[in-house]
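Numbers 89 to 503, taken from my numbering, label the letters of the sequence shown in order.
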Amino acid sequence: MIWGERELYRLNNFLGERFERIQTIIDSEYGNINSYINLIGSANYAFPSVLKALDTPFNLNPLEGSRGKRYFPMSRNIDELNNLGEELLNELFKTQNYYANFEPYSGTQANHIVYQAILSNDDKVLAMSPRSGGHVSHSLYLKQHYNLLEYDITSNEEIDYDVIYKICLLERPKLLIAGYSSYPRAVDYAILGNICKKTGTLLLADISHTAIYIMADTHISPFEHADFVTFTTHKTTRGIRGGIVMCKKKFTNDINRAIFPIEQGAPKFNEVLAKLIMLYELKEIDINEYVNTIMKISQKFVEIFVSYGIKIYTSGTDTHLILIDLRNEEITGQQCESLLCQEHILVNRNQLPNDKRNAFDASGIRLGVLTLATINMSCNDYSSVAEIIAQTVVKKQIVDNSTAIEIMKRYNIVN
Ligand SMILES: Cc1ncc(COP(=O)(O)O)c(C=O)c1O
89 MIWGERELYR
99 LNNFLGERFE
109 RIQTIIDSEY
119 GNINSYINLI
129 GSANYAFPSV
139 LKALDTPFNL
149 NPLEGSRGKR
159 YFPMSRNIDE
169 LNNLGEELLN
179 ELFKTQNYYA
189 NFEPYSGTQA
199 NHIVYQAILS
209 NDDKVLAMSP
219 RSGGHVSHSL
229 YLKQHYNLLE
239 YDITSNEEID
249 YDVIYKICLL
259 ERPKLLIAGY
269 SSYPRAVDYA
279 ILGNICKKTG
289 TLLLADISHT
299 AIYIMADTHI
309 SPFEHADFVT
319 FTTHKTTRGI
329 RGGIVMCKKK
339 FTNDINRAIF
349 PIEQGAPKFN
359 EVLAKLIMLY
369 ELKEIDINEY
379 VNTIMKISQK
389 FVEIFVSYGI
399 KIYTSGTDTH
409 LILIDLRNEE
419 ITGQQCESLL
429 CQEHILVNRN
439 QLPNDKRNAF
449 DASGIRLGVL
459 TLATINMSCN
469 DYSSVAEIIA
479 QTVVKKQIVD
489 NSTAIEIMKR
499 YNIVN
């Protein structure tokens, strides 16, 4: 098991006069990593072995094309890597029926690959609006190139599956997108799969924030229900920053054509390698224990916030994500983010439904507890962090600018 070890990463320095200015920046970044509690919703600490895989000569290979159909010689090792990855991923998600491609550079690109693969100009797409929690890659690009319809959460801050069904019946979108960025609740992919079957809609499950819960069977799996599954590798699964796209095997050629030559030229094979190392690490760790730890911490945060009278979007969470609701408060998300940053706690502002503030100010604070679970932070320590956040939100001022730094001294991240 990796988390709980006292040294996660080794320093990698660039010494000598010619690197002096760069080394100053590196030193500052290492200092930040070691002294800030990082609760950015999408942040986590990658497995150290995953970062090691980035530093390999696999990066030197500029092969274009798709597995088995490359435009360059000597692609056997690279294609073998992809085959192995597909096997491992299907195993972790307990399915056998999905093609997996490890080449998308990011989660946004993985989604664009799906759009390129199946959508034509006037096609309709139904996705959750960003203010309710949808990711921007389910929004702006689709609005520009296709016909985007949006669904929102109800006044009870829940997904209304009947409304989604009615829109699908009436509008017949080609694609429905589910899986969110700032809606912290589990999604019922079985219901959505059924809606899509009845209305002839294709389903894209973006499980960027929920992959680990699906592996642990604590959230309903999109596999067998969704035609496409995309996710970022750097959040719950502790990989590098990057994306993976999966699809039912009948869409394999469509996905491959969208990747090359439309969305990218040569993939970054050291990143593909790093994604495979991530899968091996996930096979090794106790995923259920990791998920239990995440949920224990996020529920404690919610409990502490509620005890201070703080309003939480959707009244709680089924994940590592928590959204503090400042819609009726005299403080903006941006001001709160800035106060917490001065206390060495990183979170980010986020708009909420019917937000009267613009995206820069915003009325929500989004935070996630993945990093705390990864370093196995003690209950005492993470409860103190939650207390500092709660008091800062309530008092609207800096309440403590030393505790977070002291706590981080106990969890050496870069050494
Ligand atoms: C649900 C979801 N999809 C896609 C993305 C985009 O990922 P990337 O930043 O790798 O483009 C994110 C980012 O956090 C996300 O939350």
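Beta carbons: idealized from backbone N, C-alpha and C, even for Gly.
Quick caveat, the model's predicted, so the values are computed rather than measured.
Proximity test, residue i beta-carbon vs ligand 1 heavy atom, cut-off 7 Å
{"i": "THR320", "result": "yes"}
{"i": "THR196", "result": "yes"}
{"i": "HIS432", "result": "no"}
{"i": "GLU307", "result": "Here residue 307 turns out to be His, not Glu, going by the sequence shown. The answer is no for HIS307."}
{"i": "ASN199", "result": "yes"}
{"i": "ASP211", "result": "no"}
{"i": "ARG329", "result": "yes"}
{"i": "SER269", "result": "yes"}
{"i": "SER163", "result": "no"}
{"i": "ASP294", "result": "yes"}
{"i": "SER217", "result": "no"}
{"i": "HIS408", "result": "no"}
Cβ separation of residue i and residue j, assumed to be a contact under 8 Å, to the nearest whole Å
{"i": "SER194", "j": "ARG329", "result": "7 Å"}
{"i": "SER472", "j": "THR491", "result": "6 Å"}
{"i": "GLN439", "j": "ARG219", "result": "5 Å"}
{"i": "TYR271", "j": "GLY221", "result": "3 Å"}
{"i": "MET496", "j": "ILE241", "result": "With a Cβ gap of about 35 Å, MET496 and ILE241 do not count as contacting."}
{"i": "VAL502", "j": "ILE121", "result": "5 Å"}
{"i": "LEU264", "j": "LEU280", "result": "7 Å"}
{"i": "ASP449", "j": "THR420", "result": "4 Å"}
{"i": "CYS256", "j": "LEU292", "result": "Their Cβ separation, rounded to whole angstroms, is 14 Å, which puts CYS256 and LEU292 out of contact at 8 Å."}
Buried or exposed (CB count within 10 angstroms, at least 16 for buried), residue i
{"i": "PRO192", "result": "buried"}
{"i": "SER227", "result": "buried"}
{"i": "ARG98", "result": "exposed"}
{"i": "PHE357", "result": "buried"}
{"i": "GLY452", "result": "buried"}
{"i": "PHE311", "result": "buried"}
{"i": "GLN197", "result": "buried"}
Alpha carbon of residue i to alpha carbon of residue j, nearest angstrom
{"i": "LYS337", "j": "TYR187", "result": "5 Å"}
{"i": "ILE486", "j": "MET303", "result": "39 Å"}
{"i": "LEU176", "j": "CYS335", "result": "15 Å"}
{"i": "HIS223", "j": "VAL275", "result": "15 Å"}
{"i": "ARG164", "j": "GLU245", "result": "50 Å"}
{"i": "HIS307", "j": "TYR277", "result": "9 Å"}
{"i": "ALA266", "j": "LYS212", "result": "15 Å"}
{"i": "GLY353", "j": "SER243", "result": "45 Å"}
{"i": "ASN171", "j": "THR183", "result": "15 Å"}
{"i": "LEU142", "j": "ASP488", "result": "38 Å"}
{"i": "ALA314", "j": "LYS483", "result": "45 Å"}
{"i": "GLU351", "j": "LEU151", "result": "15 Å"}
{"i": "THR459", "j": "HIS432", "result": "14 Å"}
{"i": "THR405", "j": "ARG273", "result": "6 Å"}
{"i": "GLY153", "j": "GLN232", "result": "28 Å"}
{"i": "HIS200", "j": "SER225", "result": "8 Å"}
Residue-level contact to chain B via CB, residue i, 8 Å cutoff
{"i": "ILE400", "result": "The structure shown contains no chain B; it holds only a single protein chain."}
- Do the region 319–326 and the region 287–298 meet, that is, are 3 or more Cβ pairs less than 8 Å apart? yes
- Task: Evaluate contact between the region 383–395 and the region 98–110, counting only Cβ atoms and requiring at least three cross-stretch pairs below 8 Å.
- Result: Remark: fewer than three beta-carbon pairs, one from each stretch, lie closer than 8 Å, so the region 383–395 and the region 98–110 are not flagged as touching.
- Are there three or more Cβ pairs, one per stretch, closer than 8 Å when the region 434–452 is compared with the region 404–416? The region 404–416 and the region 434–452 touch, with three or more beta-carbon pairs separated by less than 8 Å.
- Take every Cβ of the region 192–211, pair it with every Cβ of the region 343–356, and state whether three or more of those distances are shorter than 8 Å. With a cut-off of 8 Å, the region 343–356 and the region 192–211 count as touching, because enough Cβ pairs lie within range.
- Task: Report yes or no: do three or more beta-carbon pairs, one from the region 351–366 and one from the region 374–384, lie closer than 8 Å?
- Result: no
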